[in-house]
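Just so we're aligned: the sequence shown equals residues 181 to 449 in our numbering. Quick reminder that beta carbons are idealized off the backbone N, C-alpha and C, glycines included. Encoded as structure tokens, the structure appears first; notes follow it.
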Amino acid sequence: MQDDGVPFDDRGLAYGDGVFETVLVRDGRPLLWDAHVARLRRGCERLGIPCPEHDLPAALPGRAGSGLAVLKLIVTRGSGGRGYLPPVEPQPRYRWRVTPFAPRETAWREGVTIRLCDLRLARQPALAGIKHLNRLENVMARREWDDPAIAEGVLLDTEGHVVETTSMNLFWHRAGRWETPALDACGVAGTLREGLRERLPIAVVTAGVDALMQADSLWVGNSVQGLWPVRRLLDARGVERQAWPVPSTSARILQDAAHELLGYPRLTD
């Protein structure tokens, strides 16, 4: 079926040549918007694509009214060039869609089960941190399970370092401090992760799976769903590697900060 809105020779379709953002919108207002725009600009600059204007949401057609919605914004290099060689003067193509959204509130309170993935992320510093369109590693990792009871899969890089999950960043509390994986070789630097690092002392570390085993609590989160506590960590065969109790009120400081940024309720009230 042909999509008349995206030409066959669009470089985003052909090569994943572009970037995207997924933004939580509350009552018509995009949240963490400055951080999303900054990451979009970093991605465009890294790839050499002219970036859209900062005030783009004001021109979005069909933008959400009251309630929660998700805005997905895609920027491709457009058409042109010869094979992999991009055009000298790209004419970017922008696509966006706003859809209603409801978060998984039970996951906030009760926590989730996650697993380790077999797939290993390639280390490519030139693409690290940005949200580029070529997400085949994440797609392949997500194909590893179809059990709805498993919420996410943990991704390591080819050197065995913990990086992220298939669609969320990782955080844990260990030896009296908050930690999150370094993302200088691969992975997506989430806007919620950035906002939390501005508010709380979160150490950026290079660590293996053993760090998760040593953690008092483990969390996964992004700028759409908020922060979920992890109750069980399974290996790729489904065998439990570690389990954690429901976090106490004092252990939810990171979640409270995340939900304040996104307008979600504090669970310590």
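Boundaries (first-last residue) of the alpha helix (DSSP H) holding residue i
{"i": "Trp213", "result": "213 to 227"}
{"i": "Thr386", "result": "It is not in any alpha helix (DSSP H) - Thr386 carries neither H nor E in the DSSP assignment."}
{"i": "Ala437", "result": "433 to 442"}
{"i": "Leu376", "result": "371 to 379"}
{"i": "Trp352", "result": "Premise fails: Trp352 lies in the beta strand (DSSP E), 349 to 354, not in any alpha helix (DSSP H)."}
Sheet register partners of residue i (DSSP bridge)
{"i": "Val426", "result": "Partner(s): none; Val426 has no beta bridge."}
{"i": "His312", "result": "Val199"}
{"i": "Gly406", "result": "Asn402"}
{"i": "His341", "result": "His341 is not bridged to any residue."}
{"i": "Ser259", "result": "DSSP, once it has assigned bridges, lists no residue as partnering Ser259."}
{"i": "Pro210", "result": "Val205"}
{"i": "Leu193", "result": "Per DSSP, none; premise fails for Leu193."}
Beta-carbon gap between residue i and residue j smaller than 8 Å
{"i": "Arg322", "j": "Ala416", "result": "no"}
{"i": "Glu359", "j": "Ala329", "result": "no"}
{"i": "Val255", "j": "Val205", "result": "no"}
{"i": "Leu335", "j": "Leu301", "result": "yes"}
{"i": "Glu344", "j": "Val319", "result": "no"}
{"i": "Leu413", "j": "Leu434", "result": "no"}
{"i": "Ala331", "j": "Trp408", "result": "yes"}
{"i": "Ser259", "j": "Asp189", "result": "yes"}
{"i": "Val404", "j": "Val268", "result": "no"}
{"i": "Thr386", "j": "His341", "result": "yes"}
{"i": "Leu380", "j": "Ala431", "result": "no"}
{"i": "Arg209", "j": "Ile229", "result": "no"}
{"i": "Met393", "j": "Arg421", "result": "yes"}
{"i": "Leu253", "j": "Glu201", "result": "yes"}
{"i": "Pro402", "j": "Leu447", "result": "Note that residue 402 is Asn in the sequence shown here, rather than Pro. Not a contact, by the Cβ cut-off of 8 Å."}
Unbroken beta strand (DSSP E) run spanning residue i, endpoints
{"i": "Glu451", "result": "Any property of residue 451 remains undetermined from this structure, which presents the chain solely from 181 to 449."}
{"i": "Arg300", "result": "292 to 301"}
{"i": "Leu248", "result": "248 to 256"}
{"i": "Val278", "result": "273 to 280"}
Whole-Å CB distance - residue i paired with residue j, under 8 Å assumed
{"i": "Gly406", "j": "Leu363", "result": "Not quite, the Cβ-Cβ distance comes to about 20 Å (not below 8 Å), so this is no contact."}
{"i": "Leu313", "j": "Val217", "result": "So it is not a contact: roughly 17 Å between Cβ atoms."}
{"i": "Arg303", "j": "Ala391", "result": "That pair is no contact at about 18 Å."}
{"i": "Glu453", "j": "Ala215", "result": "Since the displayed the chain opens at 181 and closes at 449, residue 453 lies outside it and no answer follows."}
{"i": "Arg191", "j": "Gly261", "result": "7 Å"}
{"i": "Leu376", "j": "Leu212", "result": "That belief does not hold up - the Cβ atoms of Leu376 and Leu212 are roughly 11 Å apart, past 8 Å."}
{"i": "Met348", "j": "Val389", "result": "Wrong, their Cβ atoms sit about 17 Å apart, outside the cutoff."}
{"i": "Leu193", "j": "Val186", "result": "6 Å"}
- [ ] Evaluate the contact criterion for the stretch 293 to 308 versus the stretch 256 to 275: three or more CB pairs, one atom per stretch, below 8 Å.
- [x] With the cut-off at 8 Å, the stretch 293 to 308 and the stretch 256 to 275 do not touch.
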